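Student:
Numbering (my numbering), first residue to last: 9 to 240.
(1) Whose C-beta lies closer than 7 Å to the C-beta of residue 130 among residues of the same chain, with five residues either side of it excluded?
(2) On the DSSP letters alone, give me the boundaries of the beta strand (DSSP E) that residue 220 sits inside.
(3) Going by CA-CA distance only, name the one from 128, 162, 195, 217 that's closest to residue 181.
(4) Roughly how many whole angstroms lie between the Cα atoms of residue 234 and residue 142?
(5) May I ask which residues mark the beginning and end of the alpha helix (DSSP H) holding residue 153?
(6) Touch check for the stretch 153–160 and the stretch 188–205: three-plus C-beta pairs under 8 Å?
(7) Can you check whether the CB of residue 217 is closer than 9 Å to the CB of residue 137?
(8) When the Cα of residue 132 is compared with those of 122, 124, 147, which residue comes out closest?
(9) When you compare only the Cα positions, how much space is there between residue 215 and residue 173?
(10) List the endpoints of the continuous beta strand (DSSP E) containing residue 177.
(11) For residue 198, tell me which candidate among 177, 211, 237, 183 has the shortest Cα-Cα distance.
(12) According to DSSP, which residues form a beta bridge with residue 227?
(13) Just verifying my parser: in three-state terms, what is the DSSP assignment at residue 209?
(14) Measure the beta-carbon distance from residue 123 to residue 166 and round it to whole angstroms, keeping in mind my assumption that it falls under 8 Å.
(15) If you draw a straight line from the C-alpha of residue 96 to the C-alpha of residue 125, how long is it?
(16) Looking at C-alpha atoms only, which residue of 27, 202, 232 is the closest neighbour of residue 211?
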(Lines of atoms letter the chains of each structure in order from A and count residues from 1; the text may use other names and numbers.)
(Lines give C-alpha, C1' and ligand atoms only; values in the text may rest on other atoms or scores of the structure.)
Protein backbone atom coordinates (compact mmCIF):
# COMPACT_ATOMS: atom_id res chain seq x y z
CA UNK A 1 0.00 0.00 0.00
CA UNK A 2 1.44 3.38 -1.07
CA UNK A 3 1.78 6.01 1.54
CA UNK A 4 0.41 9.54 0.57
CA UNK A 5 1.91 12.71 2.04
CA UNK A 6 -0.47 15.29 3.44
CA UNK A 7 -0.31 18.65 1.47
CA UNK A 8 -0.61 20.64 4.70
CA UNK A 9 2.62 19.04 5.83
CA UNK A 10 4.42 20.45 2.77
CA UNK A 11 3.01 23.94 3.39
CA UNK A 12 4.20 23.87 6.92
CA UNK A 13 7.71 23.13 5.79
CA UNK A 14 7.65 26.08 3.38
CA UNK A 15 6.10 28.56 5.83
CA UNK A 16 9.46 30.03 6.84
CA UNK A 17 10.36 30.67 3.25
CA UNK A 18 7.10 32.49 2.62
CA UNK A 19 7.65 34.66 5.65
CA UNK A 20 11.11 35.66 4.39
CA UNK A 21 9.74 36.45 0.93
CA UNK A 22 7.04 38.61 2.51
CA UNK A 23 9.56 40.50 4.59
CA UNK A 24 11.69 41.15 1.55
CA UNK A 25 8.66 42.44 -0.39
CA UNK A 26 7.56 44.69 2.51
CA UNK A 27 11.03 46.13 2.93
CA UNK A 28 11.25 46.79 -0.83
CA UNK A 29 7.89 48.51 -0.85
CA UNK A 30 8.94 50.68 2.11
CA UNK A 31 12.15 51.70 0.39
CA UNK A 32 10.27 52.59 -2.75
CA UNK A 33 7.86 54.65 -0.71
CA UNK A 34 10.67 56.57 0.96
CA UNK A 35 12.33 57.27 -2.38
CA UNK A 36 9.02 58.40 -3.88
CA UNK A 37 8.43 60.95 -1.10
CA UNK A 38 11.92 62.36 -1.52
CA UNK A 39 11.36 62.75 -5.29
CA UNK A 40 8.08 64.56 -4.80
CA UNK A 41 9.69 66.95 -2.34
CA UNK A 42 12.43 67.79 -4.81
CA UNK A 43 9.90 68.33 -7.59
CA UNK A 44 7.84 70.49 -5.27
CA UNK A 45 10.83 72.64 -4.50
CA UNK A 46 11.44 73.26 -8.19
CA UNK A 47 7.82 74.14 -8.79
CA UNK A 48 7.72 76.78 -6.07
CA UNK A 49 10.51 78.94 -7.53
CA UNK A 50 9.62 82.64 -7.47
CA UNK A 51 10.86 85.36 -9.78
CA UNK A 52 11.95 88.51 -8.00
CA UNK A 53 13.17 91.64 -9.72
CA UNK A 54 15.79 93.76 -8.11
CA UNK A 55 14.42 97.17 -7.10
CA UNK A 56 17.23 98.86 -8.97
CA UNK A 57 16.24 97.17 -12.23
CA UNK A 58 12.55 98.05 -12.09
CA UNK A 59 11.62 100.75 -14.60
CA UNK A 60 9.33 103.31 -13.00
CA UNK A 61 6.19 104.12 -14.92
CA UNK A 62 6.14 107.84 -15.47
CA UNK A 63 3.52 109.93 -17.16
CA UNK A 64 4.85 112.41 -19.66
CA UNK A 65 3.89 115.91 -18.73
CA UNK A 66 1.99 117.55 -21.55
CA UNK A 67 3.08 121.15 -21.72
CA UNK A 68 0.52 123.63 -23.00
CA UNK A 69 1.36 124.98 -26.46
CA UNK A 70 3.24 128.27 -26.45
CA UNK A 71 1.07 131.31 -27.04
CA UNK A 72 0.92 132.44 -30.67
CA UNK A 73 3.42 135.16 -31.55
CA UNK A 74 1.99 138.64 -31.62
CA UNK A 75 1.03 139.85 -35.07
CA UNK A 76 3.82 141.76 -36.77
CA UNK A 77 3.65 145.46 -36.31
CA UNK A 78 2.37 147.17 -39.43
CA UNK A 79 4.63 150.03 -40.30
CA UNK A 80 2.87 152.74 -42.19
CA UNK A 81 4.90 155.13 -44.23
CA UNK A 82 3.75 158.61 -43.41
CA UNK A 83 5.30 161.33 -45.44
CA UNK A 84 3.53 164.00 -43.46
CA UNK A 85 1.75 164.06 -40.13
CA UNK A 86 -1.51 164.76 -41.93
CA UNK A 87 -1.58 163.98 -45.64
CA UNK A 88 -3.72 166.08 -47.84
CA UNK A 89 -6.58 163.99 -49.16
CA UNK A 90 -6.34 165.00 -52.75
CA UNK A 91 -6.69 162.51 -55.61
CA UNK A 92 -5.36 164.09 -58.76
CA UNK A 93 -6.51 161.98 -61.70
CA UNK A 94 -4.06 162.74 -64.51
CA UNK A 95 -5.38 162.12 -68.00
CA UNK A 96 -3.55 162.36 -71.29
CA UNK A 97 -3.80 165.58 -73.26
CA UNK A 98 -2.21 166.86 -76.45
CA UNK A 99 -0.14 169.47 -74.66
CA UNK A 100 3.45 169.68 -75.89
CA UNK A 101 4.62 171.87 -73.04
CA UNK A 102 8.09 170.92 -71.88
CA UNK A 103 9.68 172.46 -68.84
CA UNK A 104 13.02 171.92 -67.15
CA UNK A 105 12.83 170.45 -63.65
CA UNK A 106 14.59 172.65 -61.16
CA UNK A 107 15.01 171.73 -57.52
CA UNK A 108 15.94 174.65 -55.32
CA UNK A 109 17.67 174.13 -52.01
CA UNK A 110 16.69 176.02 -48.88
CA UNK A 111 18.74 179.14 -48.46
CA UNK A 112 18.58 179.24 -44.66
CA UNK A 113 18.71 176.55 -42.08
CA UNK A 114 15.38 177.46 -40.46
CA UNK A 115 12.98 175.09 -38.75
CA UNK A 116 10.54 173.60 -41.22
CA UNK A 117 6.99 173.48 -39.89
CA UNK A 118 4.51 170.83 -40.83
CA UNK A 119 1.58 172.06 -42.91
CA UNK A 120 -0.90 170.54 -40.45
CA UNK A 121 0.45 172.33 -37.35
CA UNK A 122 1.66 175.70 -38.59
CA UNK A 123 -0.49 178.56 -37.32
CA UNK A 124 -1.12 180.34 -40.64
CA UNK A 125 -1.21 178.11 -43.73
CA UNK A 126 0.44 179.13 -47.01
CA UNK A 127 -1.91 181.04 -49.30
CA UNK A 128 -2.33 180.02 -52.93
CA UNK A 129 -2.64 182.93 -55.40
CA UNK A 130 -6.27 183.99 -55.57
CA UNK A 131 -7.13 182.72 -52.07
CA UNK A 132 -6.17 185.92 -50.24
CA UNK A 133 -9.73 187.16 -49.80
CA UNK A 134 -11.26 183.93 -48.41
CA UNK A 135 -11.60 183.38 -44.68
CA UNK A 136 -8.80 181.79 -42.71
CA UNK A 137 -10.79 178.57 -42.24
CA UNK A 138 -11.43 178.29 -46.00
CA UNK A 139 -7.83 178.86 -47.07
CA UNK A 140 -6.90 175.20 -46.65
CA UNK A 141 -9.60 174.08 -49.11
CA UNK A 142 -8.72 176.91 -51.46
CA UNK A 143 -5.06 175.90 -51.28
CA UNK A 144 -5.90 172.32 -52.27
CA UNK A 145 -8.10 173.41 -55.14
CA UNK A 146 -5.38 175.72 -56.45
CA UNK A 147 -2.77 172.90 -56.43
CA UNK A 148 -5.17 170.51 -58.17
CA UNK A 149 -6.08 173.04 -60.85
CA UNK A 150 -2.45 173.84 -61.55
CA UNK A 151 -1.46 170.16 -61.96
CA UNK A 152 -4.43 169.33 -64.19
CA UNK A 153 -3.71 172.30 -66.40
CA UNK A 154 0.01 171.65 -66.81
CA UNK A 155 0.59 167.90 -66.75
CA UNK A 156 2.02 166.01 -69.69
CA UNK A 157 1.88 162.19 -69.69
CA UNK A 158 5.40 160.85 -70.47
CA UNK A 159 5.60 158.96 -73.77
CA UNK A 160 7.32 155.79 -72.52
CA UNK A 161 4.89 155.03 -69.64
CA UNK A 162 2.06 155.87 -72.01
CA UNK A 163 3.23 153.33 -74.59
CA UNK A 164 3.77 150.69 -71.89
CA UNK A 165 0.41 151.38 -70.25
CA UNK A 166 1.94 152.28 -66.89
CA UNK A 167 -0.27 153.98 -64.32
CA UNK A 168 0.98 154.92 -60.87
CA UNK A 169 0.39 157.26 -57.95
CA UNK A 170 3.43 159.41 -57.19
CA UNK A 171 3.84 161.14 -53.80
CA UNK A 172 5.87 164.35 -53.86
CA UNK A 173 6.99 166.23 -50.79
CA UNK A 174 8.19 169.82 -51.04
CA UNK A 175 8.90 172.86 -48.91
CA UNK A 176 7.39 176.33 -49.27
CA UNK A 177 10.17 178.61 -48.04
CA UNK A 178 9.79 181.92 -46.21
CA UNK A 179 9.60 183.73 -49.57
CA UNK A 180 6.75 181.48 -50.81
CA UNK A 181 8.89 179.57 -53.33
CA UNK A 182 8.75 175.80 -53.92
CA UNK A 183 12.00 174.18 -52.75
CA UNK A 184 13.39 170.77 -51.76
CA UNK A 185 10.90 168.82 -53.88
CA UNK A 186 11.36 165.08 -53.45
CA UNK A 187 9.52 161.94 -54.55
CA UNK A 188 8.84 159.97 -51.39
CA UNK A 189 6.88 157.15 -53.04
CA UNK A 190 6.86 155.99 -56.64
CA UNK A 191 8.58 153.55 -59.01
CA UNK A 192 8.52 154.68 -62.63
CA UNK A 193 11.38 157.06 -63.44
CA UNK A 194 9.50 159.05 -66.08
CA UNK A 195 6.39 159.55 -63.98
CA UNK A 196 8.50 160.70 -61.04
CA UNK A 197 10.25 163.26 -63.21
CA UNK A 198 6.94 164.57 -64.49
CA UNK A 199 5.55 164.79 -60.96
CA UNK A 200 8.57 166.82 -59.85
CA UNK A 201 8.21 169.11 -62.86
CA UNK A 202 4.59 169.78 -62.02
CA UNK A 203 5.33 170.54 -58.36
CA UNK A 204 8.26 172.80 -59.16
CA UNK A 205 6.10 174.78 -61.58
CA UNK A 206 3.61 175.79 -58.87
CA UNK A 207 3.46 179.61 -58.79
CA UNK A 208 4.87 181.61 -55.92
CA UNK A 209 2.72 181.47 -52.78
CA UNK A 210 2.37 183.51 -49.65
CA UNK A 211 4.54 181.81 -47.05
CA UNK A 212 3.17 180.20 -43.92
CA UNK A 213 3.47 182.12 -40.66
CA UNK A 214 4.22 181.14 -37.11
CA UNK A 215 3.63 183.82 -34.46
CA UNK A 216 3.24 186.34 -37.22
CA UNK A 217 6.59 185.59 -38.89
CA UNK A 218 7.13 183.80 -42.24
CA UNK A 219 8.43 180.25 -41.78
CA UNK A 220 9.23 177.33 -44.10
CA UNK A 221 6.43 174.79 -44.36
CA UNK A 222 6.45 171.20 -45.71
CA UNK A 223 3.64 169.72 -47.78
CA UNK A 224 2.98 166.38 -49.51
CA UNK A 225 0.79 165.92 -52.57
CA UNK A 226 -0.18 162.59 -54.28
CA UNK A 227 -0.41 162.75 -58.08
CA UNK A 228 -2.24 159.82 -59.66
CA UNK A 229 -1.10 159.17 -63.24
CA UNK A 230 -3.82 157.11 -64.85
CA UNK A 231 -4.43 156.21 -68.47
CA UNK A 232 -8.05 156.14 -69.58
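Using N, Cα and C, we set each Cβ at its ideal position, and we do this for glycine too. This structure is a prediction, so every number in the text was calculated from the model and none was measured.
Tutor: From the atom records:
(1) As a working note, residue 130 is residue 122 in the chain shown. Cβ contact annotation for residue 130 (same chain, cutoff 7 Å, sequence separation greater than five): 220, 222, 227, 229, in chain order.
(2) Locating residue 220 in the chain shown gives position 212, where the first residue counts as 1. Here the beta strand (DSSP E) through residue 220 covers 220–222.
(3) The sequence position of residue 181 within the chain shown is 173, counting from 1. Nearest C-alpha to residue 181 among 128, 162, 195, 217: 195.
(4) In the chain shown, the residue the question calls residue 234 occupies position 226. In the chain shown, the residue the question calls residue 142 occupies position 134. Straight-line Cα distance between these residues: approximately 25 Å.
(5) Numbered from its first residue, the chain shown carries residue 153 at position 145. Note, residue 153: alpha helix (DSSP H), 147–162.
(6) no
(7) The count along the chain shown starts at 1 and reaches residue 137 at position 129. The count along the chain shown starts at 1 and reaches residue 217 at position 209. Closer than 9 Å, so yes.
(8) Here residue 132 is taken as the residue at index 124 of the chain shown, counted from 1. Comparing Cα-Cα distances from residue 132 to each of 122, 124, 147, the minimum goes to 147.
(9) Counted from its first residue, the chain shown places residue 215 at position 207. Counted from its first residue, the chain shown places residue 173 at position 165. Straight-line Cα distance between these residues: approximately 31 Å.
(10) Taking the chain shown and counting its residues from 1, the one referred to as residue 177 is at position 169. Start and end: 176–184.
(11) Taking the chain shown and counting its residues from 1, one reaches residue 198 at position 190. Among 177, 211, 237, 183, the Cα nearest to that of residue 198 belongs to 177.
(12) By one-based count along the chain shown, residue 227 stands at place 219. Its beta-bridge partners are 220.
(13) If you number the chain shown from 1, residue 209 lands on position 201. DSSP places residue 209 in helix when its eight states are reduced to three.
(14) For this step, residue 123 is matched to residue 115 along the chain shown. For this step, residue 166 is matched to residue 158 along the chain shown. Contact flag wrong, Cβ pair sits at about 36 Å.
(15) Translated into the one-based positions of the chain shown, residue 96 becomes position 88. Translated into the one-based positions of the chain shown, residue 125 becomes position 117. In this predicted model, residue 96 has a pLDDT of only 36, less than 50, meaning its place in the structure is not dependable enough to derive any value.
(16) If you number the chain shown from 1, residue 211 lands on position 203. The shortest C-alpha separation from residue 211 is found at 232.
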